[in-house]
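*Asks:* Structure incoming, see below.
2 protein chains.
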Amino acid sequence: MLAHPGVAREPGAGEWRAAASSTPTLVRMATIGEMGEDALIAAFVPRLPVSDAELLGPGDDAAVIAVDGDLVVSSDVLIQDRHFRLDWSSPEDVGWRAAMQNLADIDAMGAVPTALQVTLAAPPSLDASWVLGFADGLREACEPHGVGVVGGDLSAAREIAISVTVLGETHGTQPITRADALPGQAVAVSGPLGAAAAGYRQLMDARRIDEETIGLFLRPRPRIGAGLEAALHGATALMDVSDGLLRDAGRIARASDVGIAITGADVPVHEGARRVADELGIDPLSWALTGGEDHHMLAVFPREAAVPAGWTVVGATTDAFAGVRVDGEAPADVGWDHFGG
Amino acid sequence: MLAHPGVAREPGAGEWRAAASSTPTLVRMATIGEMGEDALIAAFVPRLPVSDAELLGPGDDAAVIAVDGDLVVSSDVLIQDRHFRLDWSSPEDVGWRAAMQNLADIDAMGAVPTALQVTLAAPPSLDASWVLGFADGLREACEPHGVGVVGGDLSAAREIAISVTVLGETHGTQPITRADALPGQAVAVSGPLGAAAAGYRQLMDARRIDEETIGLFLRPRPRIGAGLEAALHGATALMDVSDGLLRDAGRIARASDVGIAITGADVPVHEGARRVADELGIDPLSWALTGGEDHHMLAVFPREAAVPAGWTVVGATTDAFAGVRVDGEAPADVGWDHFGG
């Protein structure tokens, strides 16, 4: 299964996959510096998912894929110790997250993801098993959706830096931006919020109360296809909740030049987040409003009757004010800055 | 012109562009940490080139571009102190290189580049002018080709890590891979080789003999469109010379299962490289054979008569041996490893 003989010969090298998904402790393999670029690529590429749209895969100057309709494209960076921690996330978790948050970006246009380009820069001292586990995580996240990794680049660096570009197609439909919501429309989310924030809090506190929310922080599980569903139900604005409901709703409000009135009691709070908050004696609503990284869809529909089953209406657009209000109040700023302290 | 008031107010902030292209010494601006993500993006995005194929540009969950034919896609990583040095390259040089080596990858399929996704991770202490100069370099390289930056991501990191994904389209033609060369065909290159290697040597030695080759090392200038030209002339295999003629010809030989016989005297050596080599008392042919980073096209044509004007025939494919030989001799291995010491 592993193309590199040096790896296949190593006793127990086959066991690391089973161990890695629940714990970051990996069976010792060669480092990527010891293994070398060619051998690493030879072991890495066969583990990657294959795109249904692939016409020519990795190995030439470029890959070739079929596109039905227009091309939809987005990119995200994940940097070690900033977007993930090696003591919290297994390499499979990091691969999963890198893929899933990008798939959500395509779904958030009402389009269909087809392929990823993945670049990975990492220290030569990194265990090669980490890189292979990362590939497995990419595959686990992508394969159910017919999405493949069609190309990329590997390089040495001082820290792990991952960049994923996701490609998708519109199938002739119109992409749904953040800019076309009108006043008097229904604002809804496709899933419960606050789970990732609850998971993050538990890892920060080193106190495990609810494994599901920890798992959802490490591996976000939005329903890919919810965005397309919103588009087919006539959504006028659409995005995924990556930076928190309030901040992201604010982006739709600004882009569409409407106000958004959110009813706090209607915001669906993840059950596990509620459990953790109860245990800690805090209000879980703040996690649902500001937590981010759940990656469920946030959409505006022309009227409540247009909201698909399984979605939850959390408020309405208005021309009575600008920005976002919760139960009539303008919330304190909840943003953060990716370069700030 | 700069969207961030804090920058526009800074005395002399407008001067840095003129200074930066010839020297890495920049007028002091805010650091990207001081400036903050939103202000940095507001200043960065307007400097980026706009793609002729762009339907929806940066700012939403994803960009949307039109694709005529199939999509061709490739990615490259550039890491500080590994792929560029801040004391050698201006930020414009780094932007130019990041764009150009990716444009060459699309041309090397006989396809037409249309758009880039660019992710940049950098230390918060980095001067914001570096990031804006980087955008200017991207623009200078892309604009003549109608290529734009349609999206990307910015992040903090310990070192500068750039990842570029380039998108192109086939216009219904068949992409040219490395795999379809047949024995008895003509091997040709689209431009003179060895310039980048000569420039690198001068910078390493801190001895400036020929400014043109130093400039070509910092800003490779392949003729984008040479690959498409090769495709239209019936090329059976095509790639760009990024890792040296011998190593790259070896890739075509392996992929196509042919041998490649190169005639050393026919390899076009860049005039400036010849001048530098003369001054240093060494043979410039080794730079032309193994130097890399010139990014001119290497193609196999069905017969010499099919080779376009301006290209130089450097050898022929054969079924008499495998791999690459120069004047009948198998060269010593000239490869290197991106993870090795």
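Listed in order, the protein sequences are those of chains D and R. This note's numbering applies: residue -15 is where the first sequence begins, and numbers increase by one. This note's numbering applies: residue -15 is where the second sequence begins, and numbers increase by one. Think of the CB as a built atom: it goes at the ideal place given N, C-alpha and C, for glycine as much as any other residue.
Determine the chain R residues that contact I90 of chain D at a beta-carbon separation under 9 Å, and present them in chain order.
*Replies:* Here residue 90 of chain D is taken as the residue at index 106 of the first sequence, counted from 1. Simply D45, A46.
*Asks:* Which partner residues of M188 of chain D appear in the DSSP bridge assignment?
*Replies:* In the first sequence, the residue the question calls residue 188 of chain D occupies position 204. Beta-bridge pairing links M188 of chain D to no other residue.
*Asks:* Using a C-beta cutoff of 9 Å, does H67 of chain D count as contacting chain R?
*Replies:* Residue 67 of chain D sits at position 83 when you count from the first residue of the first sequence. By this cut-off, H67 of chain D is an interface position.
*Asks:* Between the C-alpha atoms of V34 of chain R and W80 of chain R, what's the straight-line distance to the nearest angstrom?
*Replies:* Within the second sequence, the letter at position 50 stands for residue 34 of chain R. Within the second sequence, the letter at position 96 stands for residue 80 of chain R. One C-alpha to the other measures close to 15 Å.
*Asks:* G307 of chain D bridges to which residues according to DSSP?
*Replies:* Taking the first residue of the first sequence as 1, we reach residue 307 of chain D at position 323. Answer is D:G243.
*Asks:* Please list the residues of the segment 156 to 186 of chain R that have a C-beta atom closer than 7 Å to any C-beta atom in chain D, keeping them in chain order.
*Replies:* Against chain D - using a Cβ distance shorter than 7 Å - the residues of the segment 156 to 186 of chain R are P159, T161, R162.
*Asks:* Within the 9 Å Cβ cut-off, does R81 of chain D reach chain R?
*Replies:* The sequence position of residue 81 of chain D within the first sequence is 97, counting from 1. Chain R, which has no Cβ nearer than 9 Å to the Cβ of R81 of chain D, makes this no.
*Asks:* On the DSSP bridge assignment, give the partners of Q64 of chain R in chain order.
*Replies:* By one-based count along the second sequence, residue 64 of chain R stands at place 80. DSSP, once it has assigned bridges, lists R:F68 as partnering Q64 of chain R.
*Asks:* Verify the CB distance criterion: does L116 of chain R have a CB-CB separation below 9 Å to chain D?
*Replies:* Residue 116 of chain R sits at position 132 when you count from the first residue of the second sequence. It does not: the Cβ of L116 of chain R has no partner Cβ on chain D nearer than 9 Å.
*Asks:* Would S59 of chain R count as contacting chain D if we go by Cβ distances under 9 Å?
*Replies:* Here residue 59 of chain R is taken as the residue at index 75 of the second sequence, counted from 1. Judged by the 9 Å Cβ criterion, S59 of chain R is in contact with chain D.
*Asks:* From A93 of chain D to A141 of chain D, what distance separates their C-alpha atoms?
*Replies:* The sequence position of residue 93 of chain D within the first sequence is 109, counting from 1. The sequence position of residue 141 of chain D within the first sequence is 157, counting from 1. Per the sequence presented here, residue 93 of chain D reads as Met, with Ala not at that position. Rounded to whole angstroms, M93 of chain D to A141 of chain D spans 33 Å at the Cα level.
*Asks:* For E153 of chain D, write down the residues that DSSP places opposite it in a beta bridge.
*Replies:* In the first sequence, counting from the first residue as 1, residue 153 of chain D sits at position 169. Partner(s): D:L55, D:V96.
*Asks:* Taking only beta-carbon positions, decide if G307 of chain R is within less than 9 Å of chain D.
*Replies:* Here residue 307 of chain R corresponds to residue number 323 of the second sequence, with the count starting at 1. Output row for G307 of chain R: interface = no.
*Asks:* Can you confirm whether L212 of chain R, when its beta carbon is compared against all beta carbons of chain D, has any partner nearer than 9 Å?
*Replies:* Residue mapping note: residue 212 of chain R aligns to position 228 of the second sequence, counting from 1. False, the Cβ-Cβ gap to chain D never drops below 9 Å.
*Asks:* I'd like to know if M223 of chain D contacts chain R, where contact means its C-beta is closer than 9 Å to some C-beta of that chain.
*Replies:* Mapped onto the first sequence, residue 223 of chain D falls at position 239. Answer yes: the Cβ-Cβ gap between M223 of chain D and chain R drops below 9 Å somewhere.
*Asks:* Buried or exposed: where does G294 of chain D fall if 16 or more other Cβ atoms within 10 Å of its Cβ makes it buried?
*Replies:* Within the first sequence, numbered from 1, the residue matching residue 294 of chain D stands at position 310. Exposed, since its Cβ has fewer than 16 Cβ neighbours within 10 Å.
*Asks:* At the 9 Å Cβ level, is M84 of chain R part of the contact set with chain D, yes or no?
*Replies:* Position 100 of the second sequence holds residue 84 of chain R. So no, M84 of chain R is outside the interface.
*Asks:* Could you check whether A221 of chain R and R162 of chain R sit closer than 9 Å to each other, using their CB atoms as the reference points?
*Replies:* Here the question's residue 162 of chain R lines up with position 178 in the second sequence. Here the question's residue 221 of chain R lines up with position 237 in the second sequence. Result yes, Cβ atoms of R162 of chain R and A221 of chain R sit closer than 9 Å.
*Asks:* Taking C-beta pairs closer than 8 Å, name the residues in chain D that L70 of chain R reaches, listed in chain order.
*Replies:* The count along the second sequence starts at 1 and reaches residue 70 of chain R at position 86. Under the 8 Å cutoff, chain D gives no residues; its nearest Cβ is about 14 Å from L70 of chain R.
*Asks:* At the 9 Å Cβ level, is L229 of chain D part of the contact set with chain R, yes or no?
*Replies:* By 1-based counting over the first sequence, the position of residue 229 of chain D is 245. It does not; no Cβ of chain R falls within 9 Å.
*Asks:* Strictly under 9 Å for the Cβ-Cβ distance: is D36 of chain R near chain D by that measure?
*Replies:* Along the second sequence, read from residue 1 onward, the residue named residue 36 of chain R stands at position 52. Not one chain D Cβ lies under 9 Å of D36 of chain R.
*Asks:* Given 8 Å as the limit, is there contact between the segment 45 to 53 of chain R and the segment 123 to 135 of chain R, that is, 3 or more CB pairs closer than that?
*Replies:* These segments touch.
*Asks:* Would I208 of chain D pass as an interface residue toward chain R - the criterion being a Cβ-Cβ separation below 9 Å?
*Replies:* In the first sequence, residue 208 of chain D corresponds to position 224, counting from 1. With 9 Å as the cut-off, I208 of chain D does not count as an interface residue toward chain R.
*Asks:* Looking only at DSSP bridge pairs, what is G136 of chain R linked to?
*Replies:* On the second sequence, residue 136 of chain R is found 152 positions in, with the first residue counted as 1. Paired residues: R:V102.
*Asks:* Taking 7 Å as the limit between beta carbons, can you name the residues of its chain near L177 of chain R, skipping five residues before and five after?
*Replies:* The count along the second sequence starts at 1 and reaches residue 177 of chain R at position 193. Within the same chain, L177 of chain R has close Cβ partners V225, L229, V251, P252, V253, H254, A272, G275, D278, H280.
*Asks:* Taking its Cβ as the centre, do 16 or more other Cβ atoms sit within 10 Å of H155 of chain D, making it buried, or is it exposed?
*Replies:* Position 171 of the first sequence, counted from the start, is the residue given in the question as residue 155 of chain D. So H155 of chain D counts as exposed.
*Asks:* Just checking, does the segment 114 to 124 of chain D make contact with the segment 10 to 25 of chain D on the three C-beta pairs under 8 Å criterion?
*Replies:* Touching, yes.
*Asks:* Can you look up L(-14) of chain R in the DSSP assignment and give me helix, strand or coil?
*Replies:* If you number the second sequence from 1, residue -14 of chain R lands on position 2. In this prediction, L(-14) of chain R scores a pLDDT of 25, lower than 50, which makes its location untrustworthy; no coordinate-derived value is stated.
*Asks:* From D:V171, D:P97, D:L202, pick the residue whose C-alpha is nearest to that of G183 of chain D; which is it?
*Replies:* As a working note, residue 183 of chain D is residue 199 in the first sequence. That would be D:L202, whose Cα lies nearest to the Cα of G183 of chain D.
*Asks:* Below 9 Å on C-beta distance, what does I63 of chain R contact in chain D?
*Replies:* One-based indexing of the second sequence puts residue 63 of chain R at position 79. What I63 of chain R touches in chain D: A105, S139, A140, A141, R142, A145.
*Asks:* Would you kindly work out how many angstroms separate the C-alpha atoms of P8 of chain D and D137 of chain R, rounded to a whole number?
*Replies:* For the purposes of this step, residue 8 of chain D is taken as residue 24 along the first sequence, with counting starting at 1. For the purposes of this step, residue 137 of chain R is taken as residue 153 along the second sequence, with counting starting at 1. Here the model assigns P8 of chain D a pLDDT of 44, short of 50, so the residue's position is not dependable, and the following value carries that caveat. Between P8 of chain D and D137 of chain R, the C-alpha separation is close to 28 Å.
*Asks:* Consult DSSP for S226 of chain R and reduce its assignment to one of helix, strand or coil.
*Replies:* As a position in the second sequence, residue 226 of chain R is number 242, starting the count at 1. DSSP places S226 of chain R in coil when its eight states are reduced to three.
*Asks:* Which of the three DSSP states, helix, strand or coil, is assigned to V251 of chain D?
*Replies:* In the first sequence, the residue the question calls residue 251 of chain D occupies position 267. Coil.
*Asks:* Tell me, please, whether the CB atom of A412 of chain D is closer than 9 Å to any CB atom in chain R?
*Replies:* This structure gives no information on residue 412 of chain D, because the portion of chain D shown stretches from -15 to 325.
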